[in-house]
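Chemist: In terms of the numbering used here, the sequence shown opens at residue 21 and continues consecutively. Using N, Cα and C, we set each Cβ at its ideal position, and we do this for glycine too. For reference, the structure I am asking about is given below.
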Amino acid sequence: MSFGDPNNPYGQQPPQAPQGPYGQQPPVPPQGGQPGYGYPQQGAPQQPQQPYGYPQQGQVPPQGQPGYGGYPQQPAAPYGQPGMPGMPQGYASWGARVGAALIDGLIVGVLPGILYVIAAIMAAGSVTTPDYSSCQPGDYSCVQNAANTALSSSTPVGAIVLTGLAWLIGLAGIIFVLVKEGQGQSPGKKVVGIRLVKEATGQPLGFGMALVRRICHFLDNFCLLGYLWPLWDEKSQTFADKIVGTVVVRSQ
21 MSFGDPNNPY GQQPPQAPQG PYGQQPPVPP QGGQPGYGYP QQGAPQQPQQ
71 PYGYPQQGQV PPQGQPGYGG YPQQPAAPYG QPGMPGMPQG YASWGARVGA
121 ALIDGLIVGV LPGILYVIAA IMAAGSVTTP DYSSCQPGDY SCVQNAANTA
171 LSSSTPVGAI VLTGLAWLIG LAGIIFVLVK EGQGQSPGKK VVGIRLVKEA
221 TGQPLGFGMA LVRRICHFLD NFCLLGYLWP LWDEKSQTFA DKIVGTVVVR
271 SQ
């Protein structure tokens, strides 16, 4: 007669471990605090991750560097300081500015000047002598009328047309130069390698401000002092540049 297993006197089957979904045994929990697959690791608790853009705990944000998380950036240096984009080579010289102005003046004035000269020659070749025979001595109004009549009758239509055409071409040339100057470089400035920009941002000033700057040049015409001011000015500015807030810099 067999009494069976002494550890199982009643003959019961030991409980079976639960089966996995595919008949596999589930993993045994790790002992002794060792990490195991599928079970949380024991030991020191992990610190929660910081949101993106905020410094980790215990870290000091870098000084003088742009950062995330609300740290303010240092204000940008004023335009014209060493290392600023668009102005690595400094301000334009007075000679370069004069050369650019001469080139722009030739572009604007050559063709209208030629037309004015032709119109003057045509008018001079057809001048008639005023007829004062009908005027009494001392009658200055009659003398003036006779002179005006001779002048108006002697001016040919072609001379008048050429004069008007020269004026329109000159105006169109001035507008063209101002548009290009508002974009940064007039034809003359492009030839000599300089640019007109805003002092605060280094960007082109646009047609409107270029026109205002040209109007402000009337202050530079006072004994030509404003045009000579860039010779000793720290930023090589004329009076008009200081009023509008512009500088002329080297672009090459």
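(1) If you follow the beta strand (DSSP E) that LEU216 is part of, which residue opens it and which one closes it?
(2) Can you tell me whether GLN101 is buried or exposed, with buried defined as 16 or more other CB within 10 angstroms of its CB?
(3) List the endpoints of the continuous alpha helix (DSSP H) containing THR183.
(4) Starting from the Cα of MET142, find the closest Cα among SER161, SER256, VAL181 and GLY246 and give me that residue.
(5) Going straight from the alpha carbon of ILE235 to that of CYS155, what length do you get?
(6) Need the endpoints of the alpha helix (DSSP H) that PHE259 sits in, please.
(7) What residue from ARG117, VAL232, PHE196 and ILE138 has the CA that sits closest to GLY184's CA?
(8) For GLY73, which three-state DSSP category applies?
(9) Exposed or buried, SER161, counting other C-beta atoms within 10 Å across all chains shown (16 or more means buried)?
(10) Does the Cβ-Cβ distance between VAL217 and VAL177 come in under 8 Å?
(11) Nearest-angstrom Cα distance between GLY119 and TYR136?
(12) Could you work out which residue in PRO207, PRO250 and GLY190 is closest to ALA130 when comparing CA atoms only?
(13) Please classify ALA186: is it buried, with 16 or more other beta-carbons within 10 angstroms of its beta-carbon, or exposed?
(14) Residue range of the alpha helix (DSSP H) that GLY246 falls in?
(15) What is the residue span of the alpha helix (DSSP H) that ALA112 lies within?
(16) Mark ALA179 as exposed unless 16 or more other C-beta atoms lie within 10 angstroms of its C-beta, in which case mark it buried.
(17) Please classify LEU245 as buried or exposed, where buried requires at least 16 other C-beta atoms within 10 Å of its C-beta.
(18) What are the boundary residues of the alpha helix (DSSP H) that includes CYS155?
(19) Taking just the CA atoms, how far does TRP249 sit from PHE259?
(20) As a quick exercise: from LEU188, VAL211, VAL264 and SER271, pick the residue whose alpha carbon is nearest that of LEU225.
(21) Which same chain residues end up closer than 7 Å to GLY103 when comparing Cβ atoms and leaving out the 5 residues on each side of it in sequence?
(22) Let me know if PRO157 comes out buried or exposed under the rule of 16 or more other beta-carbons within 10 Å of its beta-carbon.
(23) Using 8 Å for Cβ pairs, my map puts SER206 next to ASP124. What's the rounded Cβ distance?
Modeler: Considering the structure as presented:
(1) For the purposes of this step, residue 216 is taken as residue 196 along the sequence shown, with counting starting at 1. It spans 214-218 - the beta strand (DSSP E) in which LEU216 sits, taken as one unbroken run.
(2) Counting from 1 along the sequence shown, the entry for residue 101 is found at position 81. Only weak support is given to the placement of GLN101: the predicted model assigns it a pLDDT of 48, under 50, and the question is left unresolved by the model.
(3) For this step, residue 183 is matched to residue 163 along the sequence shown. Counting along the chain, the unbroken alpha helix (DSSP H) around THR183 starts and ends at 177-202.
(4) Sequence index remark: in the sequence shown, residue 142 carries index 122 (1-based). Cα-wise, what sits closest to MET142 is VAL181.
(5) The count along the sequence shown starts at 1 and reaches residue 235 at position 215. The count along the sequence shown starts at 1 and reaches residue 155 at position 135. Here the alpha carbons of CYS155 and ILE235 stand approximately 48 Å from one another.
(6) Here residue 259 refers to the residue found at position 239 when the sequence shown is read from its first residue. For PHE259, the uninterrupted alpha helix (DSSP H) run begins and ends at 259-264, by DSSP.
(7) For the purposes of this step, residue 184 is taken as the residue at position 164 of the sequence shown. The alpha carbon of GLY184 has as its nearest neighbour, out of ARG117, VAL232, PHE196 and ILE138, the alpha carbon of ILE138.
(8) Taking the first residue of the sequence shown as position 1, residue 73 is located at position 53. Any answer about GLY73 is weak, because its pLDDT of 48 lies below 50 and its placement is not dependable; what the coordinates show is given next. Annotated three-state conformation of GLY73 is coil, per DSSP.
(9) For this step, residue 161 is matched to residue 141 along the sequence shown. Its Cβ having fewer than 16 others within 10 Å, SER161 is exposed.
(10) On the sequence shown, residue 217 is found 197 positions in, with the first residue counted as 1. On the sequence shown, residue 177 is found 157 positions in, with the first residue counted as 1. Contact flag unset, no.
(11) For the purposes of this step, residue 119 is identified with residue 99 of the sequence shown, where counting begins at 1. For the purposes of this step, residue 136 is identified with residue 116 of the sequence shown, where counting begins at 1. Distance between the alpha carbons of GLY119 and TYR136: 25 Å.
(12) Along the sequence shown, read from residue 1 onward, the residue named residue 130 stands at position 110. The residue asked about is misnamed: residue 130 is Val in this sequence, not Ala. Nearest C-alpha to VAL130: GLY190.
(13) Here the question's residue 186 lines up with position 166 in the sequence shown. That one is buried.
(14) Along the sequence shown, read from residue 1 onward, the residue named residue 246 stands at position 226. Residues 245-248.
(15) On the sequence shown, residue 112 is found 92 positions in, with the first residue counted as 1. For ALA112, no alpha helix (DSSP H) encloses it, and the DSSP letter there is neither H nor E.
(16) Position 159 of the sequence shown, counted from the first residue, corresponds to residue 179. The C-beta of ALA179 has 16 or more other C-beta atoms within 10 Å across all chains shown, which makes the residue buried.
(17) Within the sequence shown, residue 245 is the residue found at index 225, counting from 1. Looking at its Cβ environment, which holds fewer than 16 other Cβ atoms inside 10 Å, LEU245 is exposed.
(18) The residue given as residue 155 occupies position 135 in the sequence shown. Note, CYS155: premise wrong, no alpha helix (DSSP H); not H, not E.
(19) As a first step, residue 259 must be located in the sequence shown, where it is residue number 239. As a first step, residue 249 must be located in the sequence shown, where it is residue number 229. Their Cα atoms are separated by approximately 8 Å.
(20) As a first step, residue 225 is located in the sequence shown; it is residue number 205 there, counting from the start. When each option's Cα is compared against that of LEU225, the closest is VAL264.
(21) Here the question's residue 103 lines up with position 83 in the sequence shown. Because GLY103 sits at a pLDDT of 42, beneath the cut-off of 50, its placement in the model cannot be relied upon, and the point is left open.
(22) Translated into positions along the sequence shown, residue 157 becomes position 137. Here PRO157 is exposed. Its C-beta has fewer than 16 other C-beta atoms within 10 Å.
(23) Position 186 of the sequence shown holds residue 206. Position 104 of the sequence shown holds residue 124. Right, the Cβ-Cβ distance comes to about 5 Å (below 8 Å), so this counts as a contact.
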